[in-house]
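Peer 1:
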Amino acid sequence: MIQQLTIDDELNFTFPDPRLGNPSGMFAVGGDLRVPRVIAALKIGAFPWFAFRYEKPMWCCPMERFVIFPNEIHVSHSMRNVFNRGIFTVTFDQDFESMISLCAVADNRIDHPDAWLGERVITTYCHLHRRGIAHSVEVWDNATGRLVGGLYGERVGRCFMGESMCSLVPNASKAALITLARKMAAEPYPTIIDTQIETPHLASLGARYIPYDDYLPYLN
213 MIQQLTIDDE LNFTFPDPRL GNPSGMFAVG GDLRVPRVIA ALKIGAFPWF
263 AFRYEKPMWC CPMERFVIFP NEIHVSHSMR NVFNRGIFTV TFDQDFESMI
313 SLCAVADNRI DHPDAWLGER VITTYCHLHR RGIAHSVEVW DNATGRLVGG
363 LYGERVGRCF MGESMCSLVP NASKAALITL ARKMAAEPYP TIIDTQIETP
413 HLASLGARYI PYDDYLPYLN
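So the mapping is simple: the numbering used here equals the position in the sequence shown, first residue as 1, plus 212.
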């Protein structure tokens, strides 16, 4: 069952139990993208599934999470060569706004009818970045100094919740994700990277499904 939210009826920004949603993970619709509401969603592992040309965000919380355990990430021979050749410099939180803006327009995504990274979403996540919740991983081309890919997402507890990634040149987004995983694998406690949706690209890096109830403790 998908519960209807309104802008004014949830001053404490609580959400229904996502276990009561439909099989796709959708469990609520409506409300807005105010920062406190998005933070409340993140704390239960939910995220807005939003097309900016429409008015109402939908809220998604899959019961099977496609995640990467950082110490299990698969680095192919070709990617090891990319790192060894020094093609890229990878940075963290150096230019969040440019990174999320690049994710919005790469591969002409902004022209898709269901594009979600519009002005409202970018504004919300830039606020989350300024509060230390949203983070970016930028990939720079060493030959040109140009931003050529990367990713952004939110850190909640021991989980990095990936929102979007992009590449203007081959292997840039992979370099971002592998570098993030290596950084998280060095932390003194178990961590995960939530990739939100299954793709062959992510599966090739070692992502796999875990149940929602096994995922929740990483958010605390």
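Cβ coordinates follow ideal geometry from the N, Cα and C atoms, glycine included.
Which two residues bound the contiguous alpha helix (DSSP H) that contains V294?
Peer 2: Residue mapping note: residue 294 aligns to position 82 of the sequence shown, counting from 1. Element bounds for V294: 289-297.
Peer 1: What is the residue span of the beta strand (DSSP E) that A398 lies within?
Peer 2: By 1-based counting over the sequence shown, the position of residue 398 is 186. Per DSSP, A398 belongs to no beta strand (DSSP E) and is neither H nor E.
Peer 1: Assuming G361 contacts S376 under a Cβ cut-off of 8 Å, what Cβ separation, rounded to an integer in Å, is found between them?
Peer 2: The residue you call residue 361 lines up with position 149 of the sequence shown. The residue you call residue 376 lines up with position 164 of the sequence shown. With a Cβ gap of about 11 Å, G361 and S376 do not count as contacting.
Peer 1: With a cut-off of 8 Å, do at least 3 Cβ pairs link the segment 285-297 to the segment 408-418?
Peer 2: Enough Cβ pairs lie closer than 8 Å, so yes.
Peer 1: Could you compute how far the alpha carbon of W328 sits from the alpha carbon of S348?
Peer 2: Position 116 of the sequence shown holds residue 328. Position 136 of the sequence shown holds residue 348. Going by the C-alpha atoms only, they are around 18 Å apart.
Peer 1: Could you tell me which of M238, N320, T336 sits nearest to I251, measuring between CA atoms?
Peer 2: Looking up residue 251 in the sequence shown gives position 39. Minimum Cα distance to I251 is reached at T336.
Peer 1: How long is the line joining the alpha carbons of Y271 and V279, rounded to whole angstroms?
Peer 2: As a working note, residue 271 is residue 59 in the sequence shown. As a working note, residue 279 is residue 67 in the sequence shown. With the sequence shown as reference, residue 271 is identified as Trp, and Tyr is not the correct amino acid for it. C-alpha separation (whole angstroms): 19 Å.
Peer 1: Would you kindly check if the distance between the Cβ of I405 and the Cβ of R277 is under 7 Å?
Peer 2: Your numbering for residue 277 matches position 65 in the sequence shown. Your numbering for residue 405 matches position 193 in the sequence shown. No, Cβ-Cβ distance for R277 and I405 is not below 7 Å.
Peer 1: Should P282 be labelled buried (16 or more other beta-carbon atoms within 10 Å of its own) or exposed?
Peer 2: As a working note, residue 282 is residue 70 in the sequence shown. By the neighbour-count rule (16 or more Cβ atoms within 10 Å), P282 is buried.
Peer 1: Using CA atoms only, rank isn't needed, just tell me which of R249, D244, M396, M311 is closest to V351.
Peer 2: Position 139 of the sequence shown, counting from 1, holds the residue named residue 351. Checking every option, the nearest Cα to that of V351 belongs to M311.
Peer 1: In whole angstroms, what is the alpha-carbon distance linking F259 and R321?
Peer 2: On the sequence shown, residue 259 is found 47 positions in, with the first residue counted as 1. On the sequence shown, residue 321 is found 109 positions in, with the first residue counted as 1. Those two C-alpha atoms are separated by around 19 Å.
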